[in-house]
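Heads up, the thing below is written out as structure tokens.
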Amino acid sequence: MSLAARLTAPGWWRALVSLPIGAVVGAGIVVAGRALYGWEPLFDGDAITTVCLITVPLAFLIGIGCFDYWFRWASGAPTVPEDHSNHGAYSWRDYFKVNTDHKVIGIQYIVTTFAFFVIGGLMAMLMRAELTAPGSQFVDPNTFNGLFSVHASLMIFLFVIPVFAGIANYVVPLMIGAPDMAFPRLNALSFWLLPIAGIMMVASFFAPGGAFATGWTAYAPLSTETPLGQTFFTIGVQFAGASSIATALNFLVTIITMRAPGMTFCWCGRSSRRRCSSSSPRRSSPGRSSSCCSTARWGPTSSHRPTAAT
Amino acid sequence: MEEPAREVSRVNRREMAKMLAIGVVASLVGVAVALAIDWFPAESSTAADRIDTLWDIVLMCAVPIFVLVMTVAIYSVVRFRARPGHTGDGPPIHGNTKLEIIWVTIPFVIVTSLAIYSWIVLDDIEASEQDQVVVEVTGRQFAWSFAYPEEGVKQADELVLPVDRQTEFKIRSADVIHSFWVPEFRMKKDAVPGLTTTTRVTPTRTGSWQIVCAELCGIGHATMRQRVRVVRPEEYERWVAERRQEGGQGGEAGGSGENGG
Numbered sequence: 000m001s002l003a004a005r006l007t008a009p010g011w012w013r014a015l016v017s018l019p020i021g022a023v024v025g026a027g028i029v030v031a032g033r034a035l036y037g038w039e040p041l042f043d044g045d046a047i048t049t050v051c052l053i054t055v056p057l058a059f060l061i062g063i064g065c066f067d068y069w070f071r072w073a074s075g076a077p078t079v080p081e082d083h084s085n086h087g088a089y090s091w092r093d094y095f096k097v098n099t100d101h102k103v104i105g106i107q108y109i110v111t112t113f114a115f116f117v118i119g120g121l122m123a124m125l126m127r128a129e130l131t132a133p134g135s136q137f138v139d140p141n142t143f144n145g146l147f148s149v150h151a152s153l154m155i156f157l158f159v160i161p162v163f164a165g166i167a168n169y170v171v172p173l174m175i176g177a178p179d180m181a182f183p184r185l186n187a188l189s190f191w192l193l194p195i196a197g198i199m200m201v202a203s204f205f206a207p208g209g210a211f212a213t214g215w216t217a218y219a220p221l222s223t224e225t226p227l228g229q230t231f232f233t234i235g236v237q238f239a240g241a242s243s244i245a246t247a248l249n250f251l252v253t254i255i256t257m258r259a260p261g262m263t264f265c266w267c268g269r270s271s272r273r274r275c276s277s278s279s280p281r282r283s284s285p286g287r288s289s290s291c292c293s294t295a296r297w298g299p300t301s302s303h304r305p306t307a308a309t
Numbered sequence: 000m001e002e003p004a005r006e007v008s009r010v011n012r013r014e015m016a017k018m019l020a021i022g023v024v025a026s027l028v029g030v031a032v033a034l035a036i037d038w039f040p041a042e043s044s045t046a047a048d049r050i051d052t053l054w055d056i057v058l059m060c061a062v063p064i065f066v067l068v069m070t071v072a073i074y075s076v077v078r079f080r081a082r083p084g085h086t087g088d089g090p091p092i093h094g095n096t097k098l099e100i101i102w103v104t105i106p107f108v109i110v111t112s113l114a115i116y117s118w119i120v121l122d123d124i125e126a127s128e129q130d131q132v133v134v135e136v137t138g139r140q141f142a143w144s145f146a147y148p149e150e151g152v153k154q155a156d157e158l159v160l161p162v163d164r165q166t167e168f169k170i171r172s173a174d175v176i177h178s179f180w181v182p183e184f185r186m187k188k189d190a191v192p193g194l195t196t197t198t199r200v201t202p203t204r205t206g207s208w209q210i211v212c213a214e215l216c217g218i219g220h221a222t223m224r225q226r227v228r229v230v231r232p233e234e235y236e237r238w239v240a241e242r243r244q245e246g247g248q249g250g251e252a253g254g255s256g257e258n259g260g
């Protein structure tokens, strides 16, 4: 691909180039605002960092292609017919792009969450190493507080919560017989919000004053009178939360509206024994305790109302 | 009315009986182990006995439920796992609505009962009594300071209490949220800036224990520990008189330091 093509097509090259643009926009907003209000100093590092924590990730998302379709549609340009070219995965590269296939997104989620699980786990190991003996071994109190705060935040906001979203993304459309999720592009955006949140939380270690050291609960007033690292947590959870909320909406709509015909929304199917067994080969081995009503925890089970033809 | 699951063959009944037997035995073992473990430090207040009893009852409800569920799960996974060559789905079983209703209702009843019982215990242990000692506790980064307003002691760095007499703590914070906790007393109360929280304790043994800050308050949170001494009434009166005298002589930092350490 030519350089121009690389930079205009959605992907990592364009995302990389968008990052400084986002930084400039963020800094510009702060400086312009402060100039208009007449506040001194004009170049306030804390304020610029805070706004850039919002604009730079957004620039990244735009660059990597999460918003392409919507921007096109909003601008009134004729829509490109869906050629499903970014659907499914045929090589490892497809997992690093904006992909609307629920199975690919599911795998992206699970791999990302496990990566952050490992990072959080490493922090736990560092904490345990520090605590092997009384007194300070290799971290000062502020860094130790930062370690357990980031560890907890990663584990909760970037593992426990999203890993279910990942598993469900893969499994739920299959279980209800839907071709994909109700909003595949929103699904892709939901995923890409996550690495941003995670990187932001880890990046707080590099903020002046160190990582946020207020725990994952971040109670005020401790968290309101603390150095800049706290902002990384605050905005990080905004991104993680946005991801989670959009995913929840997606699942609700999918499960309510996209079930296969005849599938009722109930926990255990009301199919008659005989009719159900005539549609699946009966296993006579004793003690089999599985059932045609799957262990769906997120949606209805696959019990079918028999049609007249059965 | 839906049909009950009539598919439970005689073989299945035997499996269920085995599961139940293993589950019950394992539960009993689990409960015995849980009750035998020494969970808490020595009981040193009137609240301690009731709290520890509440704990034991919660254990006796929670451990069997956990063990039973795990028994069923592990037994099923091991006993009914797919053998090589079995690729089908298994018999289509409707499920058992009656069973599902039972296993929702029983935990609901258990949890509601525990909630009511807990409420009663927590209400009772902090009931106000006569002849209280009133202590104003102030938490700041990273130490506690105490005042006995009714005794005329304005500031003390150590906490000294008379045994067998209720003390009411009025807890405040000078900066961020702390939490005032003495494990042996089984009492803990947050110190929230802008509020005064109250808790009451009647110590029952003389001795010296640690006051631990139980809410992350910054760099020194781990080191925010002090001593509480419970002493005979005479010694308490003596100590209070000394502090009152020191305070009257204009001594700023009252208290003779951590002599209880």
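Chains as they are written, first to last, in numbering that gives the first Met the number 0: chain D, 0 to 309; chain X, 0 to 260.
Each residue gets a CB set at the ideal place from its N, CA and C atoms; glycine is no exception.
To the nearest angstrom, how far is it from the Cα of alanine 123/D to the Cα of phenylalanine 115/D?
12 Å
Cβ neighbours of aspartate 130/X in the same chain (closer than 7 Å, five flanking residues each side left out)
Arg164
What residue range is occupied by the uninterrupted beta strand (DSSP E) comprising alanine 155/X?
152 to 155
Glycine 89/X to alanine 81/X span [Cα, whole Å]
10 Å
Counting contacts by CB-CB distance shorter than 8 Å, is proline 140/D in contact with chain X?
yes
Quick one: Cα of alanine 4/X to Cα of asparagine 95/X, how far?
Interpretation of alanine 4/X is limited by its pLDDT of 44, a score under 50 that renders its predicted location unreliable; the figure taken from the coordinates is listed afterwards. Rounded to whole angstroms, alanine 4/X to asparagine 95/X spans 6 Å at the Cα level.
Residue range of the alpha helix (DSSP H) that tyrosine 68/D falls in?
67 to 74
Bridge-paired residues (DSSP) for glutamate 167/X:
Val133/X, Arg199/X
Buried or exposed: where does histidine 220/X fall if 16 or more other Cβ atoms within 10 Å of its Cβ makes it buried?
buried
So which residues of chain X does proline 133/D contact, with C-beta pairs closer than 9 Å?
Chain X residues near proline 133/D: none, gap ~11 Å exceeds 9 Å.
Tell me which same chain residues have a C-beta within less than 6 Å of the C-beta of arginine 199/X, skipping the five on either side of it?
Glu125, Gln165, Glu167
Taking 8 Å as the threshold (beta carbon to beta carbon), is isoleucine 176/X in contact with chain D?
yes
Should leucine 58/X be flagged as near chain D, meaning a C-beta pair shorter than 8 Å?
no
Proximity below 8 Å, CB of glycine 138/X to CB of serine 172/X:
yes
What does the Cβ neighbour count give for lysine 188/X, buried or exposed, with the cut at 16 atoms within 10 Å?
buried
DSSP beta-bridge partners of methionine 186/X:
Val181/X
Output, in sequence order along the chain, the residues in the region 211 to 229 of chain X whose CB is closer than 8 Å to any CB in chain D.
Glu214, Leu215, Cys216, Gly217, Ile218, Gly219, His220, Ala221
Between which two residues does the beta strand (DSSP E) containing phenylalanine 137/D stretch?
Run containing phenylalanine 137/D: none; DSSP gives neither H nor E here.
If you measure beta-carbon to beta-carbon, which residues of the region 225 to 236 of chain D are closer than 8 Å to chain A?
Protein chains D and X are contained in the structure displayed, whereas chain A is not.
Anything in chain D within Cβ reach of proline 192/X, meaning under 8 Å, just list it in chain order.
Pro220
Nearest CA to the CA of proline 211/D: which residue from Trp69/D, Asn141/D, Asn98/D?
It should be noted that the sequence gives phenylalanine, not proline, for residue 211/D. Ranking Trp69/D, Asn141/D, Asn98/D by Cα distance to phenylalanine 211/D puts Asn141/D first.
Extent of the continuous alpha helix (DSSP H) run through glycine 206/X
Run containing glycine 206/X: none in the alpha helix (DSSP H); it sits in the beta strand (DSSP E), 206 to 212.
Is there at least one Cβ from chain X nearer than 8 Å to threonine 213/D's Cβ?
yes
Glutamine 225/X, DSSP secondary structure in three states:
strand
Within 10 Å of its beta-carbon, does threonine 317/D have 16 or more other beta-carbons around it, so buried, or fewer, so exposed?
In the structure as shown, chain D begins at 0 and stops at 309. Residue 317/D is therefore absent and cannot be evaluated.
If you follow the alpha helix (DSSP H) that phenylalanine 231/D is part of, which residue opens it and which one closes it?
228 to 256
I'd like to know whether the C-beta atoms of proline 161/D and tyrosine 108/D end up nearer to each other than 8 Å.
yes
Excluding the five sequence neighbours on either side, which residues of its own chain have a C-beta within less than 7 Å of the C-beta of glycine 27/D, listed in chain order?
none
Going straight from the alpha carbon of leucine 125/D to that of valine 110/D, what length do you get?
23 Å
Quickly, what does DSSP pair glycine 138/X with across the bridge? List them, please.
Trp143/X, Ser172/X
Beta-carbon proximity list for serine 17/D, same chain, < 7 Å, skipping 5 on both sides
Ala58, Phe59, Ile61, Gly62
Go to leucine 121/X, then tell me how far its alpha helix (DSSP H) extends in each direction, as first and last residue.
96 to 124
Any chain D beta carbon closer than 8 Å to valine 77/X:
no
Just verifying my parser: in three-state terms, what is the DSSP assignment at alanine 164/D?
helix
Compare the beta carbon distance of serine 26/X and valine 76/X with 8 Å and say whether it is the shorter of the two.
no
Nearest neighbour of glutamate 157/X, chosen from Val134/X, His177/X, Thr104/X [CA to CA]:
Val134/X
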